[in-house]
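In our numbering, the protein residues as written are 1 to 335. A short write-up of the structure that comes next.
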Ligand code: KDG
């Protein structure tokens, strides 16, 4: 017994002294996300981590946590506000309850292409919304990409808005997502991402919507047999950092982090787009994949139009108009 205790104390001393000698960094960033460690989002964070650790010459250490290990999107944002966690990267949808203007990006069928989204998000409107995060104690560093969301369900093949009627669909915690699915006649339930797989498995919900990468890499096909390329909303991510932490950093290290966030953004978008088509192909062997005809897609677009009217005032008509104008400029000049 005594021997056992001595051994345990020795092991403890070794562990403590090892961590003291190896923790040379001046600052530690804990970065958490909801997706798993196979996701493009996690791999983009690894890219970010490498840049930050190299360019800060080891003064900053970045620790990564996946699969909601640190909490869901809302909880992690709250932890950033309190200075209990340094970084996270939620979709814009769960940011909207904190900063109202973010609602605009989750309007259905808003962005006609990835590139039009880049143009708006990286332009003045996108930056203006990132700046507003500062008022709630968070610094928005960059827009990364979650991607176009696609419907999956375990009940039936979906080809038209009529097919959606009565389906219990999990959505992100965002009033526009809820309204869009209600308008289509579904029964939407907001839920944190970490609870989604078991909710589908237990039949609490019939379906959900997420990009192909998430559907494939999170093994949603194990509990869902139908998917349709609804592409009903483009979901951006926002890479963000706690203001309490940011304000403690010297300017040169702030630059290292900001610069890494921008470089990782380019990597993230490129990688995400390249992988998307591949995940769709892989899913074809695992689920009934329905690809909508242009006419079928228009039926979905028309069915959700009332949501624009419903939320125009709440979003702010000026903001909505500005975003729509920028999309039109992109289409006119760059498409
Ligand atoms: O890591 C990001 C996730 O937490 C979440 O934003 C993913 O799109 C998502 C969802 O459906 O909750």
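We put the CB at the ideal spot given by N, CA and C, even for glycine. A quick note: this is a predicted structure, and the numbers were derived from the prediction, not measured.
Problem set entry | residue 80 and residue 240 closer than 8 Å at C-beta | Here residue 80 refers to the residue found at position 80 when the chain shown is read from its first residue. Here residue 240 refers to the residue found at position 240 when the chain shown is read from its first residue. Result yes, Cβ atoms of residue 80 and residue 240 sit closer than 8 Å.
Exercise. Across which residues does DSSP place residue 190 in a beta bridge pair?
Worked result: Here residue 190 refers to the residue found at position 190 of the chain shown. According to DSSP, residue 190 bridges with 171.
Problem set entry | Of the residues 202, 85, 204 and 60, the one placed nearest residue 69, counting alpha carbons only | Your numbering for residue 69 matches position 69 in the chain shown. Per the Cα distances, 85.
Problem set entry | Cβ neighbour criterion (16 or more within 10 Å) applied to residue 153 | Within the chain shown, residue 153 is the residue found at index 153, counting from 1. Residue 153 comes out buried.
For this session: May I have the straight-line CA-CA distance separating residue 338 from residue 178, to the nearest angstrom?
Result: Outside the displayed span of the chain (1 to 335) sits residue 338, for which this structure offers no information.
Exercise. Residue 334 to residue 191, Cα distance in whole Å?
Worked result: Here the question's residue 334 lines up with position 334 in the chain shown. Here the question's residue 191 lines up with position 191 in the chain shown. Rounded to the nearest angstrom, the gap between the Cα atoms of residue 334 and residue 191 is 38 Å.
Exercise. Hey, how far is the Cα of residue 235 from the Cα of residue 297?
Worked result: Locating residue 235 in the chain shown gives position 235, where the first residue counts as 1. Locating residue 297 in the chain shown gives position 297, where the first residue counts as 1. Rounded to the nearest angstrom, the gap between the Cα atoms of residue 235 and residue 297 is 18 Å.
Exercise. What is the C-beta distance between residue 205 and residue 169, in whole angstroms, given that I count them as a contact (C-beta under 8 Å)?
Worked result: Within the chain shown, residue 205 is the residue found at index 205, counting from 1. Within the chain shown, residue 169 is the residue found at index 169, counting from 1. Contact holds; Cβ gap of about 7 Å.
Exercise. In chain order, what residues of the same chain have a beta carbon less than 6 Å from the beta carbon of residue 316, not counting five sequence neighbours either side?
Worked result: Locating residue 316 in the chain shown gives position 316, counting from the first residue. Close CB contacts of residue 316 within its chain, under the 6 Å cut and outside five residues either way in sequence, are absent.
For this session: Return the residue from the list 53, 55, 64 and 29 that minimises the CA-CA distance to residue 41.
Result: Your numbering for residue 41 matches position 41 in the chain shown. 64 is the residue among 53, 55, 64 and 29 whose C-alpha sits nearest the C-alpha of residue 41.
Exercise. Going by the CB atoms, is the gap between residue 185 and residue 157 shorter than 8 Å?
Worked result: Position 157 of the chain shown, counted from the first residue, corresponds to residue 157. Position 185 of the chain shown, counted from the first residue, corresponds to residue 185. Remark: C-beta atoms of residue 157 and residue 185 do not approach each other more closely than 8 Å.
Problem set entry | Bridge partner(s) assigned by DSSP for residue 88 | Against the chain shown, residue 88 aligns to sequence position 88. Residue 88 is bridged by DSSP to 32 and 240.
Exercise. From 119, 243, 213 and 299, pick the residue whose C-alpha is nearest to that of residue 35; which is it?
Worked result: Taking the chain shown and counting its residues from 1, the one referred to as residue 35 is at position 35. Ranked by Cα distance from residue 35, the first of 119, 243, 213 and 299 is 213.
Problem set entry | Nearest to residue 181 (by Cα), restricted to the options 141, 202, 61 and 166 | Within the chain shown, residue 181 is the residue found at index 181, counting from 1. Ranked by how close their Cα comes to the Cα of residue 181, the residues 141, 202, 61 and 166 have 166 in first place.
Exercise. How many angstroms separate the CA atom of residue 310 from the CA atom of residue 176?
Worked result: Residue mapping note: residue 310 aligns to position 310 of the chain shown, counting from 1. Residue mapping note: residue 176 aligns to position 176 of the chain shown, counting from 1. When rounded, the distance between both Cα atoms is 9 Å.
Problem set entry | Sheet register partners of residue 142 (DSSP bridge) | Residue numbering aside, residue 142 sits at position 142 when the chain shown is read from its first letter. Partner(s): 239.
Exercise. Given that a residue counts as buried once 16 or more other Cβ atoms are within 10 Å of its Cβ, and exposed if not, what is residue 146?
Worked result: Residue mapping note: residue 146 aligns to position 146 of the chain shown, counting from 1. Buried, because 16 or more other Cβ atoms sit within 10 Å of the Cβ of residue 146.
Exercise. In chain order, what residues of the same chain have a beta carbon less than 7 Å from the beta carbon of residue 286, not counting five sequence neighbours either side?
Worked result: Reading the chain shown from its first residue, position 286 is the one you call residue 286. 221, listed in sequence order.
Exercise. Ends of the alpha helix (DSSP H) at residue 215?
Worked result: Start at 1 with the first residue of the chain shown, and residue 215 comes out as number 215. 212-217 is the span of the alpha helix (DSSP H), which, as asked, contains residue 215.
Exercise. Among 312, 32, 231 and 217, which has the Cα closest to the Cα of residue 66?
Worked result: Counting from 1 along the chain shown, the entry for residue 66 is found at position 66. Here the closest residue by C-alpha is 32.
Problem set entry | Nonlocal neighbours in the same chain, by C-beta distance under 7 Å from residue 320, ignoring five residues either side | Here residue 320 refers to the residue found at position 320 when the chain shown is read from its first residue. Cβ neighbours of residue 320 beyond the five flanking positions: 104 and 312.
Exercise. For the putative contact between residue 148 and residue 188, defined by C-beta atoms under 8 Å, what is the C-beta separation to the nearest angstrom?
Worked result: The sequence position of residue 148 within the chain shown is 148, counting from 1. The sequence position of residue 188 within the chain shown is 188, counting from 1. That belief does not hold up - the Cβ atoms of residue 148 and residue 188 are roughly 18 Å apart, past 8 Å.
For this session: Measure how close the beta-carbons of residue 143 and residue 237 come, nearest whole angstrom, since I'm counting them as under 8 Å.
Result: Reading the chain shown from its first residue, position 143 is the one you call residue 143. Reading the chain shown from its first residue, position 237 is the one you call residue 237. Residue 143 to residue 237, Cβ: 7 Å. Contact.
For this session: Can you tell me the Cβ-Cβ gap for residue 59 and residue 27, rounded? I've got them flagged as a contact below 8 Å.
Result: One-based indexing of the chain shown puts residue 59 at position 59. One-based indexing of the chain shown puts residue 27 at position 27. By a beta-carbon distance limit of 8 Å, residue 59 contacts residue 27. Their separation comes to about 7 Å.
For this session: Reducing DSSP to helix, strand and coil, say where residue 60 ends up.
Result: Position 60 of the chain shown, counted from the first residue, corresponds to residue 60. Residue 60: strand per DSSP, three-state reduction.
Exercise. So, do the stretch 46-61 and the stretch 248-267 have three or more beta carbon pairs nearer to each other than 8 Å?
Worked result: Judged by Cβ distances under 8 Å, the stretch 46-61 makes contact with the stretch 248-267, as three or more pairs qualify.
Exercise. Mind checking residue 291: buried by the 16 CB within 10 Å criterion, or exposed?
Worked result: Indexing the chain shown from 1 puts residue 291 at position 291. Counting the other CB atoms within 10 Å of its CB gives residue 291 a total below 16, which places it among the exposed residues.
For this session: Would you mind reading off the limits of the alpha helix (DSSP H) that contains residue 290?
Result: For the purposes of this step, residue 290 is taken as residue 290 along the chain shown, with counting starting at 1. No alpha helix (DSSP H) contains residue 290, which is instead part of the beta strand (DSSP E) from 288-290.
For this session: Measuring only between beta-carbons, confirm whether residue 288 sits less than 8 Å from chain C.
Result: In the displayed structure, chain C is absent; only one protein chain is listed.
For this session: Going by CA-CA distance only, name the one from 228, 83 and 38 that's closest to residue 248.
Result: The residue given as residue 248 occupies position 248 in the chain shown. Taking each of 228, 83 and 38 in turn and checking the Cα distance to residue 248, the smallest one comes out for 83.
Exercise. For the beta strand (DSSP E) that residue 226 lies in, which residues bound it at each end?
Worked result: For this step, residue 226 is matched to residue 226 along the chain shown. Note, residue 226: beta strand (DSSP E), 226-228.
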